[in-house]
Each structure stands twice: as C-alpha cells, then as structure tokens.
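Below you'll find the structure, written out as structure tokens, and then a few comments.
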Amino acid sequence: MSRTALLPPQAPDQAAPSLDTNPDDIRFWSSYLVPRFHAYLSEAGSYTTEQQAAHVSCLRAAVAALGPKHPHPHVRSALTKNGAPIELSFNLCQGRSPTARFYIEPLGPKTGTDKDPFGESWAAPSFACLAAQMTSMNTLWYKHLNEAFQLKGQEEIDTAMAKRRPDAWLPRVFLGVDFVGADRTLKCGLCPLLKLSATGAKPDDFARGNGFVLDAVRGLPGFGANMRGALNILGLYLVENQTNNTQDDSAVGHKPTCNMCRACAKANRPRPFFNLVSVDCVNIDNGRGRVKLYARINCNSFACIRDAVTLGGRVTDEATLESLRRLRSVWHLLLNDPACERDEDYSRPVAVESARRGIDINWEISDRLSVPQAKVYVPVSIFHANDLEANRNLSAAFRKLDWHEWADGRYEKMLRRVL
Numbered sequence: 001m002s003r004t005a006l007l008p009p010q011a012p013d014q015a016a017p018s019l020d021t022n023p024d025d026i027r028f029w030s031s032y033l034v035p036r037f038h039a040y041l042s043e044a045g046s047y048t049t050e051q052q053a054a055h056v057s058c059l060r061a062a063v064a065a066l067g068p069k070h071p072h073p074h075v076r077s078a079l080t081k082n083g084a085p086i087e088l089s090f091n092l093c094q095g096r097s098p099t100a101r102f103y104i105e106p107l108g109p110k111t112g113t114d115k116d117p118f119g120e121s122w123a124a125p126s127f128a129c130l131a132a133q134m135t136s137m138n139t140l141w142y143k144h145l146n147e148a149f150q151l152k153g154q155e156e157i158d159t160a161m162a163k164r165r166p167d168a169w170l171p172r173v174f175l176g177v178d179f180v181g182a183d184r185t186l187k188c189g190l191c192p193l194l195k196l197s198a199t200g201a202k203p204d205d206f207a208r209g210n211g212f213v214l215d216a217v218r219g220l221p222g223f224g225a226n227m228r229g230a231l232n233i234l235g236l237y238l239v240e241n242q243t244n245n246t247q248d249d250s251a252v253g254h255k256p257t258c259n260m261c262r263a264c265a266k267a268n269r270p271r272p273f274f275n276l277v278s279v280d281c282v283n284i285d286n287g288r289g290r291v292k293l294y295a296r297i298n299c300n301s302f303a304c305i306r307d308a309v310t311l312g313g314r315v316t317d318e319a320t321l322e323s324l325r326r327l328r329s330v331w332h333l334l335l336n337d338p339a340c341e342r343d344e345d346y347s348r349p350v351a352v353e354s355a356r357r358g359i360d361i362n363w364e365i366s367d368r369l370s371v372p373q374a375k376v377y378v379p380v381s382i383f384h385a386n387d388l389e390a391n392r393n394l395s396a397a398f399r400k401l402d403w404h405e406w407a408d409g410r411y412e413k414m415l416r417r418v419l
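If you read the sequence shown in the UniProt record's numbering, its first letter stands for residue 1, the second for the next number, and so on.
So this is what it looks like as structure tokens:
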C-alpha cells in the first residue's frame, strides 16, 4: 500500500538562489506541480514517506529552472504537446515497481529574446540547480557533449538566428530526474540541431549532420569497445546508407534488408536524423555509462518501426525480435486504429501539427550491450480524442502484455488522482 509523506511548507525564494526566477512564478509552478508530484510518488507505491519528502524537495528546487509561468511569453517549449516545460512520467516494467521521473526544459525570462535567443545562458545555472539535488553525480559526459553542441562565437549565433523558423523552437537541453528508491539520478538530453543550424544546415537537410553527432559521441571519455562497435552499426544505418537504403555492408558482418513499408521504400525515404543525445550523469566505471541517441520516424507503419528497431535488419537477436512481437501485438491499440493490426504497411493519418507527428525512437549504446538497443515512444495522446479513450486502449494493451495490475484499474486510478 502506498504511503503519503506530510511535507512542511517551503519559502519559494529558497528554491534556487542562482536563478533569478520571479518569486510569483515559483509560487505558480510550486502550487500546481508539488501536490500532483506528491500524489504521483504516493500512487507509485515505490517510495517510503522519507523518500517521498526528499524527492518532492528536489522538485521544489527544480521549479526555479522553469522560469516564467505557463505560457512562456517568448517561446513554446518543445517538451510537451501543450508547450509546458515540464513532464511527469512513470517507467513501468514487468516485475518491477514503477519508477517516477520528470523532465524539464529550462526556459528563463529572457529565453527567446535578443539577450538570450536560445536559452544558453539559462541552461548552465539550471543544470547546477538540479545537480545540487542528486544523490550522486558525474558530469564528465555531459560536459563533453555540452561543449560539442554549444554555439561558439557571434558568427554561429547569427547563423543560427538566420536559419531558425519562427514557428519551430529548437531546444538547447532537457534535464530529467529518475527517482529509484532513495536515489536521484540526473539525465541530460542535449539537442544538436541548433549547432547544425549554426554551421549552415537547413532543417530539411539535418540528416547530413548524423556523422557529426556520431563523432561527438565517439569522443566521449572512456568510450569502450562495445560502444564503438554498436555505434558503427548505427552509423551504417543512418549515415553510410543515406543514398541507398539497401546498400550491402556484409563486409563488416551485417546483411541489411529493407524492412520499411511499401510507400516509404518506393519513395526512397531518407533515414531520420538525430534530434537528441542523452546521457546519465553517473559514474561511468564498469560499463555503467550509457548514451541514448534519439530520432523521429515520420511514418507510423509498423514496418517502418521494425526497420528502425532492427537498423535495417542488422539487429536480429532474439531479445529484439521478442520485443517487436510484443509491440506488434498492441500496436493497433496504441495507435487507436484496427487497420494497424491487419496491415504492417498501413500508416495512420494524424491531424496534428507537423512538429509533433511521428514516432520517437532511441538507440541505447553501452559497454554492457553488444548492439544498439532500441526503445519506441508512442505519443498516445495524438492518436486518441481524450483520456478516457486512451485509458481504455492502454488497459487493453496492459492486459495483452499480462500486466494485469495496471489493466485492472490501477492506471485509471492513478490518472484520476494525479490529474
């Protein structure tokens, strides 16, 4: 049974003295988020009362990095559908208690203005604000990637300003916290697209920057042999085969096949581009360091998802194939369209703005993994009319996956309490 911690009030100006967030804005974020996050932790059933109190204190500190109250006066956060710069979530896994987490996009009061057009001056103190709340920290990989993707000099800033689209905000960084028992781990997602824009790349041509991103990852201190091999496989899929999706690379031990849907194969759809690189700020010894490289697949047919997960047929171990079988069994429920169950080449039409279409995938690279391990992120909200409809299909999906506790009302109960 979950337990609830009683939390003492905290003055809003104590949250983060290094960030000049207006106290009224801190009160706005705190009054809205703290009760909901508290309910989130309680409903998870994974935390003691003392752990809940400590984790809520972490959120209290983090709200200063959110800057002005929603909606932001200058930019619209890329993190969420409604433009809010924070997202709460659960990591659900069979045989393990739920893990609570949150992600934020640091947006200062001057972000989006001439004084801080891309939020770079707000990113560093926001990182320090959250880092001070962690139970352990190692910033080596974060610092390396932050340096690689940071704009340098006025010329790069001017070029990025000239290339940006007024209706498409390019984020600088996302900061996330995982809450596992008493531990808090900082996760940093750095966006390379701003840097690519600063070097003259156009949005329609970002895929040509995949090699630059891969090189930045290869330069990570302590980058091990397994990671290098896995990254090379990912590179073959995303870089070397940009002009020919079925190019033979059997010389290095892989025989790719074209798994894309018929429409994308016929159109010779280009490979996706990296829009985010994420690292955990943890001790990287003993292979514990991991990198996640994110891309968006614009077609939601299961054939194209399978193509991305297997990297064009290069990753076909039993664990990957079993994961795909399980995902295939619930794909029509997640996309809320029975046609997806009948036809793997079917791509469900979606009536949302182009910036939010598609399915996000990340490939995890680690010295504990011999090949990239893919995770698929389905934006359930864009495929459902309301929460009730989404809950019905998610409950059915949980039941198919034998997650009976979540299928039998726990998920709906959590939604009602938190929302």
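Glycine included, every Cβ here is placed at the ideal spot set by N, Cα and C.
Bear in mind that the values here come from a model prediction, so they are computed numbers and not experimental data.
- Query: Would you report the Cα separation of residue 367 and residue 101, rounded to the nearest angstrom?
  - Reply: Along the sequence shown, one-based indexing puts residue 367 at 367. Along the sequence shown, one-based indexing puts residue 101 at 101. Distance between the alpha carbons of residue 367 and residue 101 is about 24 angstroms.
- Nearest-angstrom Cα distance between residue 262 and residue 342? To locate residue 262, count along the sequence shown from 1; it is residue 262. To locate residue 342, count along the sequence shown from 1; it is residue 342. Using only the alpha carbons, I get a separation of about 15 angstroms.
- Task: Give the DSSP-derived three-state secondary structure of residue 374 in the structure shown.
- Result: In the sequence shown, residue 374 corresponds to position 374, counting from 1. It is a strand residue.
- Hey, would you say residue 306 sits closer than 9 angstroms to residue 344, going by beta carbons? Reading the sequence shown from its first residue, position 306 is the one you call residue 306. Reading the sequence shown from its first residue, position 344 is the one you call residue 344. Result yes, Cβ atoms of residue 306 and residue 344 sit closer than 9 angstroms.
- Query: Taking C-alpha atoms, which residue in 160, 183, 200, 356 lies nearest to residue 382?
  - Reply: Taking the first residue of the sequence shown as position 1, residue 382 is located at position 382. Looking at the Cα atoms, 356 is the closest of the given residues.
- Message: Taking the alpha carbon of residue 292 as the reference point, which residue from 302, 304, 372, 318 has its own alpha carbon closest?
- Response: Counted from its first residue, the sequence shown places residue 292 at position 292. Among 302, 304, 372, 318, the Cα nearest to that of residue 292 belongs to 372.
- Task: Evaluate contact between the region 61-74 and the region 200-216, counting only Cβ atoms and requiring at least three cross-stretch pairs below 8 angstroms.
- Result: Because the criterion of three Cβ pairs below 8 angstroms is not met, the region 61-74 and the region 200-216 do not touch.
- Message: Can you look up residue 184 in the DSSP assignment and give me helix, strand or coil?
- Response: As a first step, residue 184 must be located in the sequence shown, where it is residue number 184. Under the three-state reduction of DSSP output, residue 184 falls in the strand class.
- What residue from 212, 183, 182 has the CA that sits closest to residue 193's CA? On the sequence shown, residue 193 is found 193 positions in, with the first residue counted as 1. Nearest option by C-alpha distance: 212.
- In chain order, which alpha helix (DSSP H) runs of at least 4 residues are fully inside the region 35-108? Taking only runs of at least 4 residues, the alpha helix (DSSP H) segments lying wholly in the region 35-108 are 49-62.
- Query: CA-CA distance, residue 107 and residue 190?
  - Reply: For the purposes of this step, residue 107 is taken as the residue at position 107 of the sequence shown. For the purposes of this step, residue 190 is taken as the residue at position 190 of the sequence shown. In this model, residue 107 and residue 190 are separated by some 14 angstroms (Cα to Cα).
- Bridge partners of residue 391, per DSSP? Along the sequence shown, read from residue 1 onward, the residue named residue 391 stands at position 391. The secondary-structure analysis by DSSP pairs residue 391 with nothing; it has no beta-bridge partner.
- At which residue ranges does the region 274-354 contain complete beta strand (DSSP E) runs of 3 or more residues, listed in the order of the chain? For the region 274-354, whole beta strand (DSSP E) runs of length 3 or above, ordered along the chain, are 274-280, 290-297.
- Residue environment, residue 171, which counts as buried when at least 16 other CB atoms sit within 10 Å: Start at 1 with the first residue of the sequence shown, and residue 171 comes out as number 171. With a threshold of 16 other beta carbon atoms within 10 Å, residue 171 meets it and is buried.
- Query: Counting Cβ pairs closer than 8 angstroms, one from the region 16-35 and one from the region 73-82, do we hit at least three?
  - Reply: Contact between the region 16-35 and the region 73-82 is absent, because fewer than three Cβ pairs lie under 8 angstroms.
- Along the beta strand (DSSP E) that carries residue 362, what are the first and last residues, could you check? On the sequence shown, position 362 is the one that residue 362 refers to. From DSSP, the beta strand (DSSP E) with residue 362 extends over 359-366.
- Item | Beta-carbon proximity list for residue 109, same chain, < 6 angstroms, skipping 5 on both sides | Taking the sequence shown and counting its residues from 1, the one referred to as residue 109 is at position 109. Result list for residue 109: 67, 68, in chain order.
- The alpha helix (DSSP H) enclosing residue 239, as first and last residue numbers: Counting from one through the sequence shown, the residue named residue 239 turns up at place 239. Neither: residue 239 is in no alpha helix (DSSP H) and is coded neither H nor E.
- Between the region 174-187 and the region 326-334, do three or more beta carbon pairs fall short of 8 angstroms? Not touching, per the Cβ criterion.
- Supposed contact pair residue 159 and residue 197 - C-beta distance, whole angstroms, cut 8 angstroms: Against the sequence shown, residue 197 aligns to sequence position 197. Against the sequence shown, residue 159 aligns to sequence position 159. Yes, residue 197 and residue 159 are in contact; Cβ-Cβ is about 7 angstroms, under 8 angstroms.
- Task: State the Cα-Cα distance for the pair residue 390 and residue 339, rounded to the nearest angstrom.
- Result: Within the sequence shown, numbered from 1, the residue matching residue 390 stands at position 390. Within the sequence shown, numbered from 1, the residue matching residue 339 stands at position 339. If I take the Cα positions, the gap works out to 17 angstroms.
- Query: Unbroken beta strand (DSSP E) runs of length 3 or more, entirely within the region 110-186: which are they?
  - Reply: The qualifying runs are 173-180.
- Message: Pairs of beta-carbons, one from the region 42-51 and one from the region 92-99, closer than 8 angstroms: are there three or more?
- Response: The region 92-99 and the region 42-51 touch, with three or more beta-carbon pairs separated by less than 8 angstroms.
- Who does residue 189 pair with in a DSSP beta bridge? Position 189 of the sequence shown, counting from 1, holds the residue named residue 189. By DSSP's assignment, residue 189 forms a beta bridge with 174, 278.
- Query: If you run the structure through DSSP and keep just helix, strand and coil, what is residue 18?
  - Reply: The sequence position of residue 18 within the sequence shown is 18, counting from 1. DSSP places residue 18 in coil when its eight states are reduced to three.
- Message: According to DSSP, simplified to helix, strand and coil, what is residue 260?
- Response: To locate residue 260, count along the sequence shown from 1; it is residue 260. Correct three-state label for residue 260: coil.
- Message: What does the alpha-carbon distance come out to for the pair residue 17 and residue 398?
- Response: On the sequence shown, position 17 is the one that residue 17 refers to. On the sequence shown, position 398 is the one that residue 398 refers to. Legend: pLDDT at residue 17 = 43, less than 50; position of this residue unreliable, no value from coordinates given.
- Which residues mark the beginning and the end of the alpha helix (DSSP H) in which residue 415 is found? For this step, residue 415 is matched to residue 415 along the sequence shown. 411-418 is the span of the alpha helix (DSSP H), which, as asked, contains residue 415.
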